[in-house]
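Trainee:
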Amino acid sequence: MTQSTRIGFLPSGRVRPLLFDAFPGLARDLAFTPLAHLPTPIEPMTAIPSLGSRVWMKRDDLCSPLYGGNKVRRYELVLADIRARGKTRIVTAGGLASTQAMATALYGRELGFSVRIVLFDQPITAFAKHAMLVDADAGAELMWGGGYVSTVLRTWRTLRAETHENALILPGAANPLANLGYVDAMLELAQQVEAGVCPRPDRIVLPTGSSGTLAALALGAAHLGWDTVIHGVRITTAFAANRLTIGGIVRATDRFLHARDPERWKRQSHRVKYVLDGSALGPGYGHPTDESIAGIEEVRTLTGEPGEVTYSGKAIAALHRIVRAHPNENVLLWNTLSTPRPTPGPDARSKVPLSLQWVLDAPEVA
Ligand SMILES: *Cc1c(COP(=O)(O)O)cnc(C)c1O
1 MTQSTRIGFL PSGRVRPLLF DAFPGLARDL AFTPLAHLPT PIEPMTAIPS LGSRVWMKRD
61 DLCSPLYGGN KVRRYELVLA DIRARGKTRI VTAGGLASTQ AMATALYGRE LGFSVRIVLF
121 DQPITAFAKH AMLVDADAGA ELMWGGGYVS TVLRTWRTLR AETHENALIL PGAANPLANL
181 GYVDAMLELA QQVEAGVCPR PDRIVLPTGS SGTLAALALG AAHLGWDTVI HGVRITTAFA
241 ANRLTIGGIV RATDRFLHAR DPERWKRQSH RVKYVLDGSA LGPGYGHPTD ESIAGIEEVR
301 TLTGEPGEVT YSGKAIAALH RIVRAHPNEN VLLWNTLSTP RPTPGPDARS KVPLSLQWVL
361 DAPEVA
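The opening residue of the sequence shown carries number 1 in this note's numbering; numbering runs sequentially from there.
Here you go:
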């Protein structure tokens with residue numbers, strides 16, 4: 001640890017995930033650091049009347065007053081594991097508007113890690129500029145990666161330089177430890193359904209990138225014996241997210257669970273139910289489309305904070321089509337975009353390295 005843990009944002013009441021009670025084999029093997037304030041609320045989406053009365057939203061945007069969204073549950077076991085291995089610095093890579101970069105910078109600081117982030121090019125939006133200022137203000141060391149290939153090279157060089165202390169988190173962190181956060185989230189949803197908060201969803205809609213969250217929800221639903229379809233709105237190319245890549249993530253996570261608690265976690269890979277929906281992607285990852293720009297304001301109507309064009313804008317654009325195509329289904333939109341977003345201090349700009357300053361002055365595409 002390079003600095004002591006700050007207090008205030010980390011949840012005090014929650015000591016272990018639901019998964020540890022359901023699968024004691026996990027509790028034996030895995031370290032856990034609570035980051036999320038759970039359970040997150042579920043609300044009907046009546047603020048958008050055209051969606052009708054059978055659509056609910058799971059407010060994972062509110063899972064922390066520091067920074068919410070789907071990276072928080074995904075990081076509880078991952079950061080605990082990095083801590084347990086005695087690493088002091090986390091290295092990760094992401095696009096200029098990366099939510100993973102923000103989560104790593106903020107929770108890394110909270111837990112006393114130093115953080116290095118290699119940022120690759122993507123269309124420059126107001127959200128991207130804000131994200132970069134948040135990263136820098138949280139004390140993360142930022143590097144400009146350029147395109148994908150040079151980002152891989154630069155990240156690799158960073159790791160090779162001081163292997164002993166670095167822990168690498170790949171973009172999307174679609175590994176089993178991270179995915180368990182969303183298997184756990186399905187157990188949470190099952191409790192809420194049981195308590196009558198919302199009906200059991202026929203379909204769960206969420207934006208899908210590295211697909212770890214989608215794979216985990218699908219495994220969780222299969223374990224529960226639900227026939228809920230997990231509907232992934234693809235926000236990246238079919239090359240990066242397809243049934244082959246997702247099948248691999250599902251099987252790896254399934255094996256991980258079965259290996260640690262073969263009594264209680266039966267293999268589920270063959271039973272997962274999901275669809276991939278590329279209808280909202282447009283020209284590619286992070287590229288604005290007319291409907292995703294309209295989605296920015298719809299997210300504001302729902303949560304009080306604007307959406308963005310990479311994830312939430314595209315998910316809500318697709319949601320309208322999904323609800324029209326399945327009028328008799330109960331649909332749950334799993335909101336993965338944080339509402340709390342820290343305000344960078346006045347000197348945040350000076351903490352952005354020269355190699356990335358141009359981003360702050362570039363025209364915004366959305
Ligand atoms: C990272 C992220 C996703 C995608 O999650 P994956 O598990 O990588 O598919 C979706 N929405 C938001 C807001 C995100 O930050």
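For each residue, glycine too, the CB sits at the ideal point set by N, CA and C.
Can you give me the C-alpha to C-alpha distance between Thr92 and Arg160, rounded to a whole angstrom?
Mentor: C-alpha separation (whole angstroms): 14 Å.
Trainee: Excluding sequence positions up to five away, which residues of its chain have a Cβ less than 6 Å from the Cβ of Val285?
Mentor: Sequence inspection shows Tyr at residue 285; the Val mentioned does not correspond to that position. Closer than 6 Å at the Cβ level, and outside the excluded window around Tyr285, lie Thr236.
Trainee: Going by DSSP, name the residue or residues bridged to Arg116.
Mentor: Per DSSP, Val91, Glu141.
Trainee: Just tell me which of Ile230, His320, Glu162 has its CA closest to the CA of Met186.
Mentor: Among Ile230, His320, Glu162, the Cα nearest to that of Met186 is on Ile230.
Trainee: I'd like to confirm something about Ser50: is its beta-carbon nearer than 6 Å to some heavy atom of ligand 1, or not?
Mentor: Checking the Cβ of Ser50 against ligand 1 gives no.
Trainee: My understanding is that Thr336 touches Gly69, with C-beta atoms under 8 Å, so please give their C-beta distance in whole angstroms.
Mentor: Contact flag correct, Cβ pair sits at about 6 Å.
Trainee: Report the CB separation of Gly212 from Ile249 in whole angstroms; it is logged as a contact under 8 Å.
Mentor: About 6 Å; that satisfies the 8 Å criterion.
Trainee: May I have a chain-ordered list of the beta strand (DSSP E) segments no shorter than 3 residues that lie completely inside the stretch 31 to 100?
Mentor: Segments of the beta strand (DSSP E) lying fully in the stretch 31 to 100: 42 to 44, 55 to 59, 89 to 95.
Trainee: Using beta-carbon positions only, say whether Val365 and Pro123 come within less than 7 Å of one another.
Mentor: Result yes, Cβ atoms of Val365 and Pro123 sit closer than 7 Å.
Trainee: How close, in whole Å, do the beta carbons of Ala22 and Arg264 come, if the pair is a contact with beta carbons under 8 Å?
Mentor: At roughly 7 Å, the Cβ-Cβ gap stays under 8 Å, so Ala22 and Arg264 are in contact.
Trainee: Does the beta-carbon of Thr92, which I'm using as the reference point, lie nearer than 6 Å to any heavy atom of ligand 1?
Mentor: It does not: the Cβ of Thr92 is nowhere closer than 6 Å to a heavy atom of ligand 1.
Trainee: Enumerate in chain order the residues of its own chain whose CB-to-CB distance from Met45 is below 8 Å, with the five nearest sequence positions on each side excluded.
Mentor: So the list reads Leu51, Val55, Trp56, Met57, Leu302, Leu333, once near-sequence residues are dropped.
Trainee: Along the chain, where does the alpha helix (DSSP H) that runs through Trp226 open and close?
Mentor: That residue, Trp226, is in no alpha helix (DSSP H); it is neither H nor E in DSSP.
Trainee: Taking the CB atoms as reference points, tell me whether Tyr148 and Phe120 lie closer together than 7 Å.
Mentor: Cβ distance < 7 Å, so Tyr148 and Phe120 count as in contact.
Trainee: Just checking my contact of Ala417 with Val233 at CB under 8 Å: how many whole Å lie between their CB atoms?
Mentor: Limits of the chain in this structure are 1 at one end and 366 at the other, which puts residue 417 out of reach.
Trainee: Mind reading off the beta-carbon distance from Ile90 to Phe113? Whole number of angstroms is fine, and I expect it under 8 Å.
Mentor: At roughly 5 Å, the Cβ-Cβ gap stays under 8 Å, so Ile90 and Phe113 are in contact.
Trainee: Would Trp156 be called buried (16 or more neighbouring beta carbons within 10 Å of its own) or exposed?
Mentor: Its Cβ having fewer than 16 others within 10 Å, Trp156 is exposed.
Trainee: In angstroms, rounded to a whole number, what distance separates the CA positions of Arg255 and Asp261?
Mentor: C-alpha separation (whole angstroms): 10 Å.
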